[in-house]
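For reference, the structure is listed below as structure tokens.
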Amino acid sequence: MADRSGSGAIGGEDDVVALLMRQHGDIRNLFDEVERATGEQRRDAFRRLVRLLAVHETAEEEVVHPVARRSFDGGEGMVEDRLREEKQAKEKLSRLDGMDTGDPGFLPLLMELRTEVMAHARAEERYEFIQLRRHTDPGQLATMAKAVRAAEAVAPTRPHPGVETAAKNIALGPMAATIDRARDTVRKAMGKEG
Amino acid sequence: MPFNPLEQRGIPLDRQMRTWRELDVQPIDPDRCDPYTRCRIITMNGIEIEAVLFSHHMARHCPDQDVRRQLAQTRAVEAQQQKAVNWLLPGVASVLETTIAYEQVAVDLTAWVARMEPDPYLRQAYQFGLLEDFDHLYRYANLYEMIEHRKAEEIVQGLTEIMPGRPTKYHHRDPRDNVRDPYDRSSTDPLSKLHALTIMSAEQQTMNFYLNVGPQYMEPIARQLYQEIGLIEEEHVTHYESLVDPGETWWEQLVNHEYNECYLYYSFMEQEPDPKVKAIWELHLNMELEHLRIACDLMRRNDGREPEEVVAPELPNVLTFEPNKGYVRELLATQIDLTTLGTGYVREAHERFQAMQALLNDGDRPPSERVMEQHRDMFGREYRLETEGEHPEPSLRSHD
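These protein sequence lines map, in sequence, to chains A and B. According to the working numbering, the first sequence holds residues 1 to 194 in order. According to the working numbering, the second sequence holds residues 1001 to 1400 in order.
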């Protein structure tokens, strides 16, 4: 869909920043969904959260951070800060990934992760994305958006018809495999070899 | 038990200044707090900012150096109170989330005040403004979903409904029609004075918030919507400030300000479930009692009047944040098509109103309309939160 406002900003299809900000919202929505669901539904929502987080962070690492690093003064250090946050969140995520969603320790750890992920997302929006929009041209933002969208297809935020069951979701692949697949997809979309 | 702030002793002023450590308050969790805790924080921030600004204005008109020094001392404490209160808001909240909370305040605070207001003319003024802020909530909620892919119900938690009010495009009136008649300070109910001050302060802070944060957005529609609603908030400040009797002396106004702060901190302390936040309301109440005593002394010395001649002998019923869905729906069903003419209200779009509309719009549609259209382009529907059934006004029902 083309952006009908002609602004290039809010339609989001050709603006990587608008797209990633909406993914931040999707991630928060999924955290809510996991927290509110129980049993099989929680397991399913959590699988989707893991996939979306894996894909989102991979896309940022592959697409956004490299451009941010070289686009503005201080970009290097700013990206290092974001990567540190991402690394910490990933560790927590893989701990959760190894737990049963019904485990009494699951929800408290999920809440910790949620707080960290939210703070990380706001930091990106305020310190990285703002600079990105300032220092890159619309063509670049659109190319980056294309790559992020390609990665997004690897991780649907809603259950896919026919893959609602946990068994089939697991068949979609564990976190590491999702990250690999997202990385390949992004690199292809960015015109590099995977 | 009735609480009379005139008879209570607070913390001596020379012991009210706080250290950095004491000012470093722990912010609330935006996703786990009681939405009305956030509403109380936003309200008290507006009240403290008004306290500081009022004191500055008073000092600028005051030739007595001793009084100016006294005002400066109290004001420095109020400036700290404002920091302690507003810094309870968390850094992880986005500007739009805070905006939506501001509009929730405008809806449920104004609704409570309208319900409790004894004077029918003043009550009408609150009912009128309420339907406009209610519509702002709806427009911002749609913008929020566009930019952040989140639904505003996660912020208001179903306590406040989100659907059209009086459409924002009709809020742009000839400025002369925003000036109301004031109450009479000698005959009005003391509660009416507190109400006017409270709503004026809240709207003033809303205006200041939008005019400062609006340009932080990069999305053109967001920038434009903040501009439009920011202008309406200025109309609201005009609307509410004109309710206050301009014949009140500076000393009397100071007493009213301090008394109102006691009233609100006491009210919020009574209903606050978050213990850390409650402790702040309690501490600030104990500070305000002393500010009130000082203000009363100043009025005694300079006006020769006793505080009992100006304020109520005991605090009115505590001001409460609670859902007002039924009340709002009743107003939606009966007052959506009102506008102002002179200091009264009419149902038809009169000449001066239409002239202002034509001037501003100049053949275009305002941002508050375009935001809905853009939302529909993205989602194929609009965003509403109608927990109590369809919209009471048939012409404003959803067609999704």
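Each residue gets a CB set at the ideal place from its N, CA and C atoms; glycine is no exception.
Assigned exposure category for residue i - 16 Cβ within 10 Å defines buried
| i | result |
| --- | --- |
| residue 1014 of chain B | exposed |
| residue 1399 of chain B | exposed |
| residue 40 of chain A | exposed |
| residue 188 of chain A | exposed |
| residue 1180 of chain B | buried |
| residue 84 of chain A | exposed |
| residue 1360 of chain B | exposed |
| residue 108 of chain A | exposed |
| residue 1281 of chain B | buried |
| residue 1017 of chain B | exposed |
| residue 1192 of chain B | buried |
| residue 1112 of chain B | buried |
| residue 134 of chain A | exposed |
| residue 1012 of chain B | exposed |
| residue 1020 of chain B | exposed |
| residue 150 of chain A | buried |
| residue 1257 of chain B | buried |
| residue 1046 of chain B | buried |
| residue 1301 of chain B | exposed |
Local conformation of residue i per DSSP, three classes
| i | result |
| --- | --- |
| residue 1345 of chain B | strand |
| residue 1315 of chain B | coil |
| residue 8 of chain A | Residue confidence for residue 8 of chain A is low, a pLDDT of 40 falling below 50, so the modelled location carries little weight; the figure read from the coordinates is stated next. Correct three-state label for residue 8 of chain A: coil. |
| residue 1339 of chain B | strand |
| residue 963 of chain B | Limits of chain B in this structure are 1001 at one end and 1400 at the other, which puts residue 963 of chain B out of reach. |
| residue 1385 of chain B | strand |
| residue 1071 of chain B | helix |
| residue 31 of chain A | helix |
| residue 136 of chain A | coil |
| residue 1359 of chain B | helix |
| residue 113 of chain A | helix |
| residue 1150 of chain B | coil |
| residue 1399 of chain B | coil |
| residue 176 of chain A | helix |
| residue 1393 of chain B | coil |
| residue 1038 of chain B | helix |
| residue 1051 of chain B | helix |
| residue 1086 of chain B | helix |
| residue 1183 of chain B | coil |
| residue 150 of chain A | helix |
| residue 1018 of chain B | coil |
| residue 1188 of chain B | coil |
| residue 1142 of chain B | helix |
| residue 1027 of chain B | coil |
| residue 1003 of chain B | coil |
| residue 82 of chain A | helix |
| residue 1032 of chain B | coil |
| residue 1204 of chain B | helix |
| residue 182 of chain A | helix |
| residue 18 of chain A | helix |
| residue 1256 of chain B | helix |
| residue 62 of chain A | helix |
Of the residues the options, the one placed nearest residue i, counting alpha carbons only
| i | options | result |
| --- | --- | --- |
| residue 1277 of chain B | B:1116, B:1254, B:1024 | B:1024 |
| residue 118 of chain A | A:101, A:88, A:144, A:136 | A:88 |
| residue 1123 of chain B | B:1172, B:1026, B:1188 | B:1188 |
| residue 1088 of chain B | B:1026, B:1115, B:1119, B:1141 | B:1026 |
| residue 195 of chain A | A:57, A:63, A:30 | Residue 195 of chain A cannot be examined here, being either before or after the span of chain A that is shown, 1 to 194. |
| residue 1355 of chain B | B:1390, B:1257, B:1190, B:1177 | B:1177 |
| residue 1317 of chain B | B:1263, B:1150, B:1106 | B:1263 |
| residue 1098 of chain B | B:1028, B:1071, B:1161 | B:1028 |
| residue 1206 of chain B | B:1254, B:1173, B:1101 | B:1101 |
| residue 1273 of chain B | B:1005, B:1002, B:1035, B:1006 | B:1035 |
| residue 1358 of chain B | B:1171, B:1065, B:1382 | B:1171 |
| residue 154 of chain A | A:53, A:102, A:95, A:136 | A:53 |
| residue 76 of chain A | A:44, A:97, A:131, A:27 | A:131 |
| residue 1386 of chain B | B:1321, B:1215, B:1137 | B:1137 |
| residue 1114 of chain B | B:1076, B:1304, B:1130 | B:1130 |
Near the ligand PLP: residue i beta-carbon under 7 Å from a heavy atom
| i | result |
| --- | --- |
| residue 1351 of chain B | Here there are no bound small molecules, and the ligand PLP is not part of this structure. |
Residues from the stretch 77-107 of chain A in contact with chain B, defined by Cβ distance under 8 Å: none
Along the stretch 1207-1222 of chain B, where does the CB come closer than 8 Å to a CB of chain A? Name the residues. 1218, 1219, 1220, 1221, 1222
Note down, in chain order, all residues in the stretch 118-150 of chain A with a beta-carbon under 7 Å from any beta-carbon belonging to chain B. 118, 119, 122, 133
Please identify, using Cβ separations under 8 Å, the residues of the stretch 1058-1092 of chain B that lie next to chain A, in order along the chain. 1091, 1092
What alpha helix (DSSP H) runs, 4 residues minimum, are completely inside the stretch 1258-1314 of chain B? 1275-1303
Relative to chain A, which residues along the stretch 1147-1173 of chain B have a C-beta separation below 9 Å, given in chain order? 1147, 1148, 1149, 1150, 1151, 1154
Relative to chain B, which residues along the stretch 174-194 of chain A have a C-beta separation below 7 Å, given in chain order? none
Along the stretch 22-40 of chain A, where does the CB come closer than 8 Å to a CB of chain B? Name the residues. 22, 23, 24, 25, 26, 28, 29, 32
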